[in-house]
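Trainee: Residue numbers (our numbering), protein chains in the order written: chain F, 1 to 125; chain G, 1 to 125.
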DNA sequence: TGCTGATATGCAGGCAGGTCGATGCTGTTG
DNA sequence: CAACAGCATCGACCTGCCTGCATATCAGCA
C-alpha cells in the first residue's frame with residue numbers, strides 16, 4: 001500500500017457509505033482502509049491531538065518531537081503520512097514547517113463510518 | 001496487535017475525545033489506535049459491510065469466504081480480530097459460527113474521532 | 001560566501017501483520 | 001460409531017511499517 005496519497009479527498013463526499021446499505025466495493029474498501037491506516041497509530045493520533053490543541057491550531061516539527069519522545073526524522077515521517085492521507089496540511093514559513101489539521105477531514109472519516117442516515121433506514125430490509 | 005481485547009469497551013464513553021481539547025495520553029492513543037488498526041484493512045471493512053448487509057444482519061464464515069476471495073483460515077483470522085476489537089460478536093449455532101455487528105460499536109469510534117465541537121448529537125435523535 | 005539551525009530523505013534493522021496450506025476440534029448425519 | 005462438514009489454530013512465508021542514524025536540503029545570517 002502506501003498509495004494513500006490524496007485518498008481522503010477522493011472519497012470525501014461520495015456515497016460509498018462503508019457500513020451502509022450494500023457491501024462496499026473493493027476499491028472503496030482499500031481507500032478507506034488507507035486513510036484509517038494513517039490514523040491507526042499511537043504516535044500519529046497524538047500528533048493530530050497535539051497540533052489541534054496547539055496555540056494557533058498549528059505546530060512545527062520542533063514543537064512535536066519532545067512531547068512525542070520520538071526522533072525528529074521519525075516525527076517528520078509520521079507528519080508526512082498524515083499529510084498524504086489528507087489529514088494535515090503543511091505550510092513552510094521560513095525555516096519552519098507548520099502543520100495544521102485539514103478542516104473536517106477527520107469528520108469526513110467519522111461520517112463515512114457512521115451509518116449514513118440512521119434514523120431512517122436501519123430497519124427494513 | 002494482540003492486546004486489543006475489549007479495547008473499544010474500555011474507552012467507550014470516556015472523555016478522552018482524541019481530537020478534542022487537550023492532547024491525549026499515550027495509553028488512550030494506543031487503545032484508539034488498536035481499534036482503528038482493526039478497521040484499517042480492506043478485507044475487514046468488507047467483512048463488516050457484508051455482515052451488516054446480510055439477510056438477518058448476520059453471516060457465517062462459509063458465506064463470507066467466496067465474496068471476499070480469501071481462504072477460510074484467513075477469513076476466520078480477520079473475524080477474530082474484529083471480534084477482539086469489540087466490533088463483532090460471535091454466536092455458535094450448530095456447526096456454524098454466526099457473526100454480527102456489535103450495535104453502535106462503530107458509531108462509538110466515529111464519535112471518538114468526531115471532535116471539535118459539534119459533538120452534538122451523540123447520535124440518537 | 002560560508003556557517004548554523006530546521007526539516008526532509010535514504011538506508012537498514014527488527015518486528016508486526018496478512019495469507020495460505022495442513023491440521024485439530026466439534027457437532028451433524030448416516 | 002464412522003464419515004463428514006464448518007471453524008479455529010498452527011507454522012511458515014513475505015511484505016509492510018516503525019524507528020533511529022547518517023546525510024542531504026534549504027533558509028536565514030554573519
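Glycine is no exception: its CB is placed at the ideal position from the N, C-alpha and C atoms.
I believe residue 87(G) touches residue 75(G) by the beta-carbon criterion, under 8 Å. Please report the beta-carbon distance rounded to the nearest angstrom.
Mentor: In the second chain, counting from the first residue as 1, residue 87(G) sits at position 87. In the second chain, counting from the first residue as 1, residue 75(G) sits at position 75. About 15 Å separates the two Cβ atoms, so there is no contact after all.
Trainee: Cutting at 6 Å between CB atoms, please list the residues of its own chain near residue 15(G), excluding the five before and the five after it.
Mentor: Position 15 of the second chain holds residue 15(G). Bear in mind that the predicted position of residue 15(G) carries a pLDDT of just 40, short of 50, making it too unreliable to give a figure here.
Trainee: For residue 97(G), report the span of its beta strand (DSSP E) as first-last.
Mentor: Counting from one through the second chain, the residue named residue 97(G) turns up at place 97. 96-101 is the extent of the beta strand (DSSP E) around residue 97(G).
Trainee: Whole-angstrom Cβ separation of residue 114(G) and residue 107(F), contact assumed at under 8 Å?
Mentor: To locate residue 114(G), count along the second chain from 1; it is residue 114. To locate residue 107(F), count along the first chain from 1; it is residue 107. Indeed they touch by this definition, with Cβ atoms about 6 Å apart.
Trainee: Keeping to the same chain, check which residues put their C-beta closer than 6 Å to that of residue 42(F); ignore five residues upstream and five downstream.
Mentor: Taking the first chain and counting its residues from 1, the one referred to as residue 42(F) is at position 42. Excluding positions up to five away in sequence, the list is empty.
Trainee: Taking only beta-carbon positions, decide if residue 114(G) is within less than 7 Å of chain F.
Mentor: By one-based count along the second chain, residue 114(G) stands at place 114. With a threshold of 7 Å between beta carbons, residue 114(G) makes contact with chain F.
Trainee: Around the Cβ of residue 71(G), are there at least 16 other Cβ atoms within 10 angstroms (buried) or fewer (exposed)?
Mentor: On the second chain, residue 71(G) is found 71 positions in, with the first residue counted as 1. Per the 10 Å Cβ criterion, exposed.
Trainee: Indicate whether residue 67(G) and residue 50(G) have their beta-carbon atoms separated by less than 7 Å.
Mentor: On the second chain, residue 67(G) is found 67 positions in, with the first residue counted as 1. On the second chain, residue 50(G) is found 50 positions in, with the first residue counted as 1. Yes, Cβ-Cβ distance for residue 67(G) and residue 50(G) is below 7 Å.
Trainee: Anything in the stretch 20-53 of chain G with a Cβ closer than 7 Å to a Cβ of chain F? List those residues in chain order, please.
Mentor: 21, 22, 23, 24, 26, 29, 30, 32, 33, 36, 37, 39, 40, 41, 42, 45, 46, 48, 49, 50, 52 and 53
Trainee: Quick one, which of 27(G), 99(G), 69(G) and 93(G) has its alpha-carbon nearest residue 54(G)'s?
Mentor: Position 54 of the second chain, counted from the first residue, corresponds to residue 54(G). For residue 54(G), the nearest C-alpha among the options comes from 99(G).
Trainee: Tell me the residue span of the alpha helix (DSSP H) that contains residue 68(F).
Mentor: Sequence index remark: in the first chain, residue 68(F) carries index 68 (1-based). In the DSSP assignment, residue 68(F) falls within the unbroken alpha helix (DSSP H) covering 61-68.
Trainee: Rounded to whole angstroms, what's the CA-CA distance from residue 94(F) to residue 60(F)? Just pull it up for me.
Mentor: Within the first chain, residue 94(F) is the residue found at index 94, counting from 1. Within the first chain, residue 60(F) is the residue found at index 60, counting from 1. Using only the alpha carbons, I get a separation of about 11 Å.
Trainee: Just to confirm my understanding: we take residue 5(G), look at its own chain, exclude 5 residues before and 5 after, and list those with CB closer than 7 Å. What are they?
Mentor: Translated into the one-based positions of the second chain, residue 5(G) becomes position 5. Residue confidence is low: residue 5(G) scores 39 on pLDDT, short of 50, so the model does not pin down where it sits. Its coordinate-derived value is still stated next. Same-chain partners within the cutoff: 84.
Trainee: Of the residues 29(F), 28(F) and 52(F), which one's Cα is nearest the Cα of residue 105(F)?
Mentor: Along the first chain, read from residue 1 onward, the residue named residue 105(F) stands at position 105. Here the closest residue by C-alpha is 52(F).
Trainee: Can you give me the Cβ contacts of residue 46(G) inside the same chain, cut-off strictly under 8 Å, excluding the 5 residues immediately before and after it?
Mentor: Within the second chain, the letter at position 46 stands for residue 46(G). If we look at residue 46(G) and ignore the five residues flanking it on each side, its Cβ neighbours are 67 and 68.
Trainee: Give the DSSP-derived three-state secondary structure of residue 25(G) in the structure shown.
Mentor: Within the second chain, the letter at position 25 stands for residue 25(G). If DSSP states are grouped into helix, strand and coil, residue 25(G) belongs with coil.
Trainee: From residue 89(F) to residue 36(G), what does the alpha carbon distance come to, in whole angstroms?
Mentor: Reading the first chain from its first residue, position 89 is the one you call residue 89(F). Reading the second chain from its first residue, position 36 is the one you call residue 36(G). Inter-residue distance for residue 89(F) and residue 36(G) is about 22 Å (C-alpha atoms, whole angstroms).
Trainee: Would you mind working out which of 33(G), 25(G), 39(G) and 26(G) sits nearest residue 81(G), comparing C-alpha positions?
Mentor: In the second chain, residue 81(G) corresponds to position 81, counting from 1. Of 33(G), 25(G), 39(G) and 26(G), the residue nearest in Cα terms is 39(G).
Trainee: Give me the chain F residues within the contact set of residue 110(G), using Cβ-Cβ distance strictly less than 7 Å, ordered along the chain.
Mentor: In the second chain, residue 110(G) corresponds to position 110, counting from 1. Result: 110, 113 and 114.
Trainee: Report buried or exposed for residue 185(G), applying the criterion of at least 16 other Cβ atoms within 10 angstroms of its Cβ.
Mentor: No information on residue 185(G) is available, as it lies outside the stretch 1 to 125 that chain G covers here.
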